[in-house]
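Okay, structure first, notes after.
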Amino acid sequence: MLEIQNLQVSIKDSNIIKNLNFSIKKGEIHAIMGKNGSGKSTLAKAIAGHPRYKITQGKIIFKNDDITSEDPEIRSHKGIFLGFQYPVEISGVSNIDFLRLAYNSKQKTLNQQELDPLSFFQMITKKLEAINMDDSFLNRYVNEGFSGGEKKKNEILQMSLLNTELCILDEIDSGLDVEALKKISESINSFANTNNAILVITHYEKLIDYIKPQYVHIMKEGEIVYTGDYKTASLIEKKGYDFFLNNGQISSKLG
Ligand code: ADP
Ligand code: MG
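Start counting the sequence shown at 5; every next residue gets the next number (my numbering).
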């Protein structure tokens with residue numbers, strides 16, 4: 005589904021991602037871990053097409069299309085969703101209006117049917133049930149006064165509404181307590197299926213524990229330096245990142 009070849013990304017002339025190769029197939033869940041500043045968010049934004057992150061070399065292929073120089077809107081309509089670490093609050097706009105606008109804008113670009121408020125309400129109600137979210141959310145202003153966990157859940161709702169095929173969740177677990185983290189993980193797990201793929205970026209073992217990605221990658225200074233399975237996260241917890249970074253050969257045997 006996603007293939008990144010030889011990617012190099014710079015911000016304001018400084019080279020952040022270097023020669024990065026990595027691919028995700030349908031039905032897979034991948035995680036990227038790494039110290040602060042290792043380039044995880046830069047990678048996420050480059051995949052989503054953030055204009056400030058310049059791709060100076062390499063390619064991003066999504067569903068067999070080269071999207072390296074495509075606008076973020078087009079990437080999003082093609083099925084890529086980037087969840088934010090700190091989702092924005094939009095005062096004065098109700099969540100249901102916002103969601104319908106997002107949905108209809110995608111439908112329009114795909115030449116598919118847009119929904120009137122009533123049909124949209126019926127559809128979104130089913131989606132809410134599926135991810136175990138209260139429908140009182142719909143009439144509140146977008147993210148305003150939402151708890152950390154509610155904001156993240158709202159992002160999962162957007163992914164599910166837009167039938168996202170590649171979900172990139174950048175530190176969706178930051179600022180959540182254990183209960184909220186567990187609920188979000190359950191929502192992610194119920195969203196995951198054989199037709200989509202999920203890339204989570206996280207610092208914490210707990211999220212990895214709950215969603216058990218098939219692959220855990222460690223990033224250092226803009227490169228993926230190690231790939232293992234979900235057990236990698238507990239090793240990082242025990243031994244720290246430097247164990248992997250300084251003992252490449254030993255650690256790959258453990259992985
Ligand atoms: P991570 O998400 O792994 O913590 P980032 O991708 O946010 O790392 O950052 C990687 C490097 O890129 C850091 O050195 C950071 O200072 C730099 N960087 C990220 N975003 C910007 C930006 N908008 N402007 C300037 N430098 C940035
Ligand atoms: Mg980050």
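A virtual CB, placed ideally from N, CA and C, is assigned to each residue, including glycine. Owing to the predicted nature of the structure, the values given are computational and were not obtained by experimental measurement.
Spatial neighbours of residue i in its chain, beta-carbon cut-off 6 angstroms, leaving aside the 5 residues before and after
i, result
"residue 19", "none"
"residue 244", "none"
"residue 239", "none"
"residue 87", "159, 173 and 176"
Counterpart residues of residue i in DSSP-defined beta bridges
i, result
"residue 26", "8"
"residue 230", "222"
"residue 17", "Note: residue 17 sits in no beta bridge, so no partner."
"residue 170", "84 and 201"
"residue 37", "222"
"residue 69", "66"
"residue 98", "145"
Residue i: first and last residue of the uninterrupted beta strand (DSSP E) it sits in
i, result
"residue 66", "58-66"
Residue i CB to nearest heavy atom of ligand 2 below 7 angstroms
i, result
"residue 175", "yes"
"residue 44", "yes"
When the options are compared against residue i, the one with the closest alpha-carbon
i, options, result
"residue 80", "94, 111 and 95", "111"
"residue 38", "234, 241, 242 and 224", "224"
"residue 227", "47, 34 and 31", "47"
"residue 84", "113, 168 and 207", "168"
"residue 36", "232, 247 and 242", "232"
Contact with chain B by residue i, beta-carbon distance below 8 angstroms
i, result
"residue 5", "As a matter of chain content, chain B is missing from the structure shown, which is built from one protein chain."
heavy atom of ligand 1 below 7 angstroms from residue i C-beta
i, result
"residue 40", "yes"
"residue 16", "yes"
"residue 56", "yes"
"residue 20", "yes"
Own chain partners of residue i with C-beta closer than 8 angstroms, once the 5 adjacent residues on each side are dropped
i, result
"residue 144", "98, 99 and 150"
"residue 164", "131, 134, 135 and 195"
Contacts around residue i, its chain only, beta-carbon distance under 7 angstroms, and the 5 residues preceding and following it disregarded
i, result
"residue 108", "118 and 119"
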